[in-house]
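J.: Below is one structure. I have some questions about it.
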């Protein structure tokens, strides 16, 4: 389906269970809104006609227990709307907890384009192809200003920040071609930072991956090349002249720092150490000699490098060399 | 008089109000005539008119840029302007409308003019400071206009980092300086109001005899005092960031851009109530006057103003649900945002109850007030949609948000401003405008507004992001509808500018109390004498002492 | 020392009573101080967030601040608060000349504070601790986030210094007015109001000194 | 400067409170400086913060004479700190619960 098929559309398509539930949420909320507002509108109009100056009407007032009235119209609408807070918060938390088997897409926003990388290494600019029936987690970061990756069809968006990874996940359940946008204003060509989301069956997706045939070998494979090109091995390979911590099997291990703390070498740690090795987390028993790679290594290269370090290959590679 | 056909309008309906002007000294407009007597005046009424002229000029700038934005969006492929020009247009629209029209609109004009009159004082507590606040305002305006003349700003009115500090190539610093300075004008106005309301009330004018207008301005002034300095310091850091790269908000050095958003919204969310609360005050004056009935639930409405001004400081994070804020913070801010519904509901239901069994006159101010109630209710409830976490994940930063806050700011503040302008125009100028024209433009504005902004709710839910110059073609129909509505709105805005100004010279002379309204401001001549009260003002025993009253006693009223 | 002159406040035309006028002035100054407090609170909050996000870098930066100059400066400001209190007390007694001397002492202590602060900036400059100067190398380049704290320190102390400078200027202008006889008879409350402002600048420094110099060591 | 003993007596009567206030502030400052210079135990910042809070309270209550002011002024003196607490608390909810 082409998104431009309909000149006037009044409801957006939905392609995930969360999106459908969000639609129900807003519809139910609208019903409540109407219940709360229509009486006010009708009353104002009716009073305006009925009690116009000069109209003969009964304007006498009996005793009014105004405190009771006030408290009831303060609390009843509030409590009714709180139902929607709870419902909305529940959906929000579901959308924050990605299932463990989610397929991870790396996304990078920069002025003014999106770059997506599939777990198998293929990457696309602005467009994104995804399989249905499979939870998908997008890990994203920005290279410059704050962007915001927005998929109306999943009723979902999340900011990409320049300094840390953010995530969102969804499970597409309907094929088709839809839109994706940057929804956080990001400068001159903000409105050009959009693209097409294509949802396809698992088989079609596999075929597409074959044909797309970008860099094979995946993130980690590409990362090995990065590792070489930045000559990380000069110091970090076993037997190197400069004494630096071995990176074999580093990922996930506990590291003792110079100030006595113990931290887990997670992804953020690796990333931080590469960009800014001298910042705060000097590993114990080592001197500070590594140059900072902030503003040196592009974000996508860094992602691949970290993926390489995370993969078992770094271990195997280094243990193989004498 | 040209208005012979409509002399039966409500203006002169009440024959008993004596024209107390007769036999006394000149009114404030005619006390002096030199230019100097205007630009160096310390009379709160003249300063109010200086503000009125200035913010009207800024309203025109803001409205023209809005018109150009709507013009650009008639076509989806962005062929009217370059992207850069479009971005500058909506930035100017936002900056000018927020800081140079909406925030000072009602407080600096009506508040300045009416608060001393309503509480029975000769002036505000610090008249020179009041004049100084106008000069500070104009200085800030100067810097902002300089940035526009030099080539404009393209950051959006929110100035998010690091776009505004490290990436934009436009005149950000002069615009930031302008906004920083104009904040001080707000602070000085708020300070003056707080002190005046506390210390300058006439003998017998206790807190619960004050009009709600004064209560809402008191609440607004507290926000001025407590919120504005935080954005001042945030903007100072932003200026330092841009000029010296101090890095506090710059991720390149380890700074956190989200911290700027926290500081920004700590002010800018309460700023919404700076715009809304004074409007609620205006409506609370108009509705009882045109229903000839005591305001229902006076104390609750008064407390609700203070309640809104306090609760609003706990909800700013609902602007940041998808901006990298922690989930726990998002949930906390979400539930607190729902609490805003309580005092808002108090206001709306009490206005409706006030109309019940009143004796209604549907004159221009009342038409605006009824429009206000309807649009404010829609704007407020769609605000709850946005505070709902799951819905926000979808419609954040889309046209749904744009529609929502225009329902609050145009449907709310601007309609209240226009309603108040018509309600007190006879008091300001001593002249009546032509009622028929007033009613026509009120209806035009209501229709034009809804045609302009209701389609934007749909556009937003369909997923059209805001600040998009080039947009997918399937959104074109609704955008054209919206642009068409804006032309109706524009006509509705132009009419009052003509007939109100016309009335200054050619309108029928207004009596002291053309609407048979209660409140001390209606006991003095129109326009008021230079020093407000010729005799000691007598505070009423009961506020809103209208003929029709709903009472606990069950006593009958006609 | 001559005995006290009469003490009072001249009524401005738009007030009904002198009491009302004095009350308005005190309340007005407190309202202003509210905004000042929130203004500096934004900076202190930023400092706290920096400390939370970059603890080591902030400590490294804070250790480079001139702790002892900061401490001495705090003593100077506490002293100036004392002399300001003295001026207020004497104004109530109507001892105008003594009051003027106390005011001059206050201004002198304020100036001493600024002078010490200036020396501190000068020393920082020499030690390459001015990271916001783009053409001058920065001492702690190995810890980029430390520059955030150091820069924030300049913004905060600069803003405080600006307030102090304004205070000294107002104080000197008032001293000039008060050197003419009859000042206290017409404007005694100006001293009280200004005293609130001066003590408040002191208060801000009392918060700023631990926030910037002490807590992060 | 203050000639007669009578005048000195009056002066001292009026200056006693400011002088005592200043002494108290200097002592508290001394404690904070000593703690800051020696760092005797971890988390000393808690003590330092409490001392700084006491100094602020002392200035408010004695130097600025809040305790002699009417309730309205006391309210104004407090309300600013309440709002600072709102600003800090709500912002920290975000920063302390970030992953």
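Chains as they are written, first to last, in my numbering: chain U, 1 to 322; chain G, 1001 to 1558; chain R, 2001 to 2217; chain Y, 3001 to 3099.
Backbone N, C-alpha and C define an ideal beta-carbon position, used for all residues, glycine too.
Determine the extent of the beta strand (DSSP E) in which residue 2205 of chain R is found, giving its start and end residues.
T.: Where residue 2205 of chain R is concerned, there is no enclosing beta strand (DSSP E), although the alpha helix (DSSP H) it sits in stretches over 2183-2209.
J.: Are any of the Cβ atoms in chain G nearer than 8 angstroms to that of residue 3072 of chain Y?
T.: yes
J.: Just the Cα atoms here: how many angstroms apart are residue 2023 of chain R and residue 1214 of chain G?
T.: 20 angstroms
J.: At 3 residues or longer, and completely inside the region 13-63 of chain U: list those beta strand (DSSP E) runs for me, N to C.
T.: none
J.: Residue 211 of chain U to residue 1257 of chain G, Cα distance in whole Å?
T.: 40 angstroms
J.: Going by the DSSP bridge assignment, what does residue 297 of chain U pair with across the sheet?
T.: In the DSSP output, where bridge partners are listed per residue, residue 297 of chain U has none listed.
J.: Just verifying my parser: in three-state terms, what is the DSSP assignment at residue 1323 of chain G?
T.: coil
J.: Assuming residue 2198 of chain R and residue 2160 of chain R make a contact with CB atoms under 8 angstroms, what is their CB distance in whole Å?
T.: Actually they are not in contact, since the Cβ atoms of residue 2198 of chain R and residue 2160 of chain R sit about 13 angstroms apart, beyond 8 angstroms.
J.: Using a C-beta cutoff of 8 angstroms, does residue 3084 of chain Y count as contacting chain R?
T.: Under the Cβ criterion of 8 angstroms, residue 3084 of chain Y is counted among the residues facing chain R.
J.: Is there at least one Cβ from chain G nearer than 8 angstroms to residue 3098 of chain Y's Cβ?
T.: yes
J.: Short of 9 angstroms Cβ to Cβ, which residues in the region 2017-2037 of chain R face chain Y?
T.: 2023, 2026, 2027, 2030, 2031, 2033, 2034, 2035, 2036 and 2037
J.: Give a yes or no on whether the minimum CB-CB distance between residue 3089 of chain Y and chain R is below 8 angstroms.
T.: no
J.: So the beta strand (DSSP E) residue 115 of chain U belongs to, where does it begin and stop?
T.: 113-117
J.: Measuring alpha carbon to alpha carbon, tell me which of G:1449, G:1280, G:1393 and G:1154 ends up nearest residue 1484 of chain G.
T.: G:1449
J.: In the structure shown, what three-state DSSP assignment does residue 254 of chain U receive?
T.: strand
J.: With DSSP collapsed to three states, give me the class of residue 2010 of chain R.
T.: coil
J.: Quickly, what does DSSP pair residue 160 of chain U with across the bridge? List them, please.
T.: U:147
J.: Tell me which same chain residues have a C-beta within less than 7 angstroms of the C-beta of residue 3031 of chain Y, skipping the five on either side of it?
T.: 3051
J.: Taking the runs of the alpha helix (DSSP H) that are 4 residues or longer, which of them lie wholly in the region 1472-1505 of chain G?
T.: none
J.: Let me know the secondary structure DSSP gives residue 169 of chain U once reduced to three states.
T.: strand
J.: In terms of residue numbering, what span does the beta strand (DSSP E) encompassing residue 106 of chain U cover?
T.: Run containing residue 106 of chain U: 103-110, per the beta strand (DSSP E) assignment.
J.: Please list the residues of the region 1111-1129 of chain G that have a C-beta atom closer than 9 angstroms to any C-beta atom in chain B, keeping them in chain order.
T.: In the displayed structure, chain B is absent; the protein chains listed are U, G, R and Y.
J.: Quick check on DSSP: helix, strand or coil for residue 129 of chain U?
T.: Assigned with DSSP and collapsed to three states, residue 129 of chain U falls in strand.
J.: Whether or not the region 100-118 of chain U and the region 132-141 of chain U are in contact is what I'm after, with contact meaning three or more pairs of Cβ atoms, one per stretch, closer than 8 angstroms; do they touch?
T.: yes
J.: Could you tell me whether any Cβ in chain U is nearer than 8 angstroms to the Cβ of residue 1389 of chain G?
T.: yes
J.: Please list the segments of the beta strand (DSSP E) lying wholly inside the region 1160-1227 of chain G, counting only runs of 3 or more residues, in order along the chain.
T.: Here no run is fully enclosed.
J.: Check whether the Cβ of residue 3012 of chain Y lies closer than 8 angstroms to any Cβ atom in chain R.
T.: Chain R has no Cβ within less than 8 angstroms of the Cβ of residue 3012 of chain Y.
J.: Going straight from the alpha carbon of residue 307 of chain U to that of residue 190 of chain U, what length do you get?
T.: 30 angstroms
J.: Between residue 2 of chain U and the rest of its own chain, which residues show a CB-CB distance below 8 angstroms, the 5 nearest in sequence each way excluded?
T.: Note that residue 2 of chain U scores 47 on pLDDT, short of 50, meaning its location in the model is unreliable; the coordinates nonetheless yield the value given after this. These residues qualify, in order along the chain: 177.
J.: Opposite residue 124 of chain U in the DSSP bridges: which residues?
T.: U:116
J.: Measure from the C-beta of residue 3093 of chain Y to each C-beta in chain G and report whether the shortest distance is under 8 angstroms.
T.: Using beta-carbon distances, residue 3093 of chain Y counts as an interface residue toward chain G, with a partner under 8 angstroms.
J.: Anything in the region 1161-1193 of chain G with a Cβ closer than 7 angstroms to a Cβ of chain R? List those residues in chain order, please.
T.: Here the close residues are 1187 and 1191.
J.: Return yes when the Cβ of residue 1120 of chain G is within less than 8 angstroms of the Cβ of residue 1053 of chain G, no when it is not.
T.: The Cβ-Cβ distance between residue 1053 of chain G and residue 1120 of chain G does not fall below 8 angstroms.
J.: Buried or exposed: where does residue 1541 of chain G fall if 16 or more other Cβ atoms within 10 Å of its Cβ makes it buried?
T.: exposed
J.: If you measure from the beta carbon of residue 3077 of chain Y to each beta carbon in chain R, is any gap under 8 angstroms?
T.: yes
J.: In the structure shown, what three-state DSSP assignment does residue 2135 of chain R receive?
T.: coil
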